[in-house]
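Those protein sequence lines, which keep their order, are chains A and B.
Residue 92 in the numbering used here sits at position 37 of the first sequence, with consecutive numbering throughout.
Residue 131 in the numbering used here sits at position 76 of the second sequence, with consecutive numbering throughout.
Here's the structure, in structure tokens; my notes come after.
Number of protein chains: 2
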Amino acid sequence: MRPRKERDEDDGQDRDFVTALARGLELLRAFGREGESLGNRDFAERTGMSKSTVSRLTYTLQKLEYLSYNPDTARYQLAPPVLSLGFSCLAGMPLRQLANPLMQAVAEATTLPVAMAGRDRLSMVYLDRCRGTNAVALNIEVGAHIKLATTAMGRAYLAAMDDDARAAAMEDIRQDEGANWPVVQRGIEGAVESYHARGFCTSIAEWRPDVAAVAVPFKPRDGSPMVAFNCGGSAQTLTRDHVENDLAPRLTDLVRRLAAIAP
Amino acid sequence: MRPRKERDEDDGQDRDFVTALARGLELLRAFGREGESLGNRDFAERTGMSKSTVSRLTYTLQKLEYLSYNPDTARYQLAPPVLSLGFSCLAGMPLRQLANPLMQAVAEATTLPVAMAGRDRLSMVYLDRCRGTNAVALNIEVGAHIKLATTAMGRAYLAAMDDDARAAAMEDIRQDEGANWPVVQRGIEGAVESYHARGFCTSIAEWRPDVAAVAVPFKPRDGSPMVAFNCGGSAQTLTRDHVENDLAPRLTDLVRRLAAIAP
DNA sequence: ACCATTATTCCGCTATGCGGAATAATATTC
DNA sequence: GAATATTATTCCGCATAGCGGAATAATGGT
């Protein structure tokens with residue numbers, strides 16, 4: 056086969072990029088995690104597309120049953136076929152099956168939840184998780200988002216990116232964070248150093264004041280997307296010492312074992 | 056606002072239907088539940104689109120990060136953002152939060168798993184589920200599919216559809232089932248009767264020889280998509296009498312209570 | 001009854017996206 | 001190692017799909 060030539064996007068347009076598809080997907084993304092229903096008006100505002108375009112796209116998506124339409128409120132909502140796609144996505148990650156037992160072992164040994172996540176723009180998305188026997192703590196479901204910029208998970212991911220990809224991501228984060236950026240930036244830079252020096256990243260009372268966590272990235276050799284593993288709990292009960300000298304080694308060990316069995 | 060005029064799709068084309076979007080989504084759907092990776096060739100075969108079209112669409116989807124590309128194998132795989140969409144879909148279903156406690160109560164009373172599902176083409180997709188304390192039985196995850204045509208869940212859904220929608224669905228099922236159709240058809244017709252007479256549908260050793268289940272549909276008054284609830288387990292331990300006279304009333308009761316608190 | 005809001009339709013224009021054929025790169029075979 | 005088979009991408013002309021502005025409809029509030 057033939058590797059795709061680098062396209063010149065800067066000046067001219069990308070002749071192979073299908074705009075209509077991108078727009079439609081942007082519409083699906085417009086829903087927040089809080090499960091609001093959206094009207095055509097909302098879509099137009101959130102995405103900056105013209106009313107007519109939105110109308111046509113929602114019409115199409117509804118016909119394909121990705122959106123369900125409520126005639127009473129004139130609002131749309133994401134429909135079950137969207138969920139199916141998400142499930143196929145999970146099914147297509149052999150890493151999950153391989154990593155799960157290792158995660159489970161750490162969760163049991165530490166009594167804390169352990170999770171695996173991948174990136175989605177400025178978030179990390181949970182791909183799998185094991186609950187620790189102990190905690191009521193931090194019960195995040197598969198599919199849920201946590202911040203890329205300030206969580207241990209996100210920092211571990213950032214730390215393991217190529218320099219240029221990380222630079223691009225950090226630029227996006229800067230846009231997003233506004234005034235917080237200096238603090239956030241320091242956190243990320245610290246994480247990069249921590250990762251290179253010790254192989255893990257922490258976030259103790261930085262994402263949320265009551266949460267302490269550690270995370271380690273994993274790059275599959277076969278080129279499938281990078282993931283990260285985390286483990287953590289209440290910042291009240293977990294000392295920095297405990298996080299760095301007990302939890303962190305368990306996660307680095309998890310990743311080492313995984314590297315031995317994963318492609 | 057203004058209700059959308061009925062389009063004439065039969066003869067001319069639908070001027071408002073965005074083909075490129077539909078095609079791109081069809082590509083995402085092409086992945087089976089078994090988590091294969093697909094190359095452009097596979098997409099072209101499965102969807103019947105031309106090679107060039109597939110190439111452009113996969114390029115676009117990859118750029119949007121819905122597909123991850125493995126340069127070694129030249130195969131694509133669904134990426135985390137797809138999972139995010141699925142999660143937003145769940146978040147947007149208030150019914151889940153309302154129904155969950157009721158489902159939990161039935162699961163505990165019967166020691167059997169109870170689930171809620173919506174439709175996706177010829178499948179029912181699990182939207183939520185509660186495990187019964189008892190069984191190792193039938194542990195299906197959220198997002199998973201079961202057959203529309205032969206499960207209790209699917210039959211309950213079919214039974215509660217409008218006559219014309221059901222007719223359309225049955226036509227699709229007929230296409231899909233081939234030689235089995237006569238048996239399947241009788242099952243569905245029996246389910247429709249059962250639903251009208253008693254308010255529930257069963258499938259005992261019909262979907263799989265070792266599974267017995269009962270299901271009840273629920274139509275939200277606010278126009279959001281219909282769902283169904285099921286409950287079941289091993290056909291060895293569950294008698295028809297038990298299913299119809301113990302489990303079924305619990306589910307119809309669940310739906311009655313839900314109707315009282317849901318929109 | 002009127003106005004404000006929200007959606008949809010209409011329609012001309014052009015960029016968009018389509019597909020066939022040519023081209024490249026890689027795997028496979030002998 | 002040359003030759004062949006496979007799989008992908010690029011090129012490019014053409015038709016048309018889809019875009020957006022303006023007009024039109026329906027609805028709800030006051």
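We put the CB at the ideal spot given by N, CA and C, even for glycine.
Return yes when the Cβ of Ala207(B) is within less than 7 Å of the Cβ of Cys185(B), no when it is not. no
Within the same chain, show all residues whose beta-carbon is closer than 7 Å to that of Leu112(A), passing over the 5 residues directly before and after it, in chain order. Arg78, Gly79, Leu82
Listing by chain order, which chain B residues have their CB less than 8 Å from the CB of Gly147(A)? Phe86, Gly90, Glu91, Ser92, Gln132, Leu133
Report the residues of the stretch 249-263 of chain B with a CB closer than 7 Å to any CB of chain A, ordered along the chain. none
Beta-carbon proximity of Asn95(B) to Ser110(B), cut-off 7 Å: yes
Would you check if the stretch 233-242 of chain A and the stretch 284-296 of chain A touch, i.e. whether three or more CB-CB distances between them fall below 8 Å? no
Contiguous alpha helix (DSSP H) assignments of at least 4 residues, all confined to the stretch 146-174 of chain A: 149-165
Helix or strand or just coil, what does DSSP make of Val137(A)? helix
Just to make sure I have the definition right: I need the residues of chain B whose C-beta is within less than 7 Å of the C-beta of Lys202(A). Which are they? Under the 7 Å cutoff, chain B gives no residues; its nearest Cβ is about 14 Å from Lys202(A).
Closer than 6 Å to a non-hydrogen atom of the ligand COA - does that hold for the CB of Asp175(A)? Annotation note on the ligand COA: not contained in the displayed structure, which lists no ligands.
So which of Thr108(A), Val180(A), Leu76(A) has the shortest CA-CA distance to Arg88(A)? Val180(A)
Per-residue DSSP class, three states only, for Asp296(B): helix
Against Lys118(B), what residues of chain A qualify as contacts under a CB-to-CB distance less than 7 Å, listed in chain order? Phe72
Under a CB-based cut-off of 7 Å, is Arg221(B) close to chain A? no
Taking Phe142(A) as the query, report the chain B residues whose CB atoms sit under 9 Å from its CB, ordered along the chain. Arg88, Leu138, Gly141, Val180, Tyr181, Glu196, Val197, Gly198, Ala199, His200
What number of angstroms, rounded off, separates the C-alpha of Ser279(B) from the C-alpha of Leu203(B)? 19 Å
Which listed residue (Cys286(B), Arg276(B), Ala222(B), Leu133(B)) has its alpha carbon closest to that of Thr307(B): Cys286(B)
Grab me the residues of Asp265(A)'s own chain with a C-beta within less than 8 Å of its C-beta, minus the 5 sequence neighbours each way, in chain order. Ser289, Ala290, Gln291
Show which residues of chain B have a CB atom less than 7 Å away from the CB atom of Ala77(A). Thr115, Leu119
Do you know how far the Cα of Ser123(A) is from the Cα of Ala215(B)? 18 Å
With which residues is Ser105(B) paired in a DSSP beta bridge? Paired residue(s): none; Ser105(B) is not in a bridge.
Kindly say whether Leu150(A), judged by its beta-carbon, lies nearer than 7 Å to any beta-carbon of chain B. no
Local conformation of Asp66(B) per DSSP, three classes: Any reading at Asp66(B) must be qualified, since the residue scores a pLDDT of 43, below 50, and its modelled position is unreliable; the value itself is stated next. The answer is coil: DSSP assigns Asp66(B) none of H, G, I, E or B.
Tell me the residue span of the alpha helix (DSSP H) that contains Ser92(A). Premise fails: Ser92(A) is in no alpha helix (DSSP H) and is neither H nor E.
Taking 7 Å as the limit between beta carbons, can you name the residues of its chain near Ser178(B), skipping five residues before and five after? His200, Ile201, Lys202, Leu203
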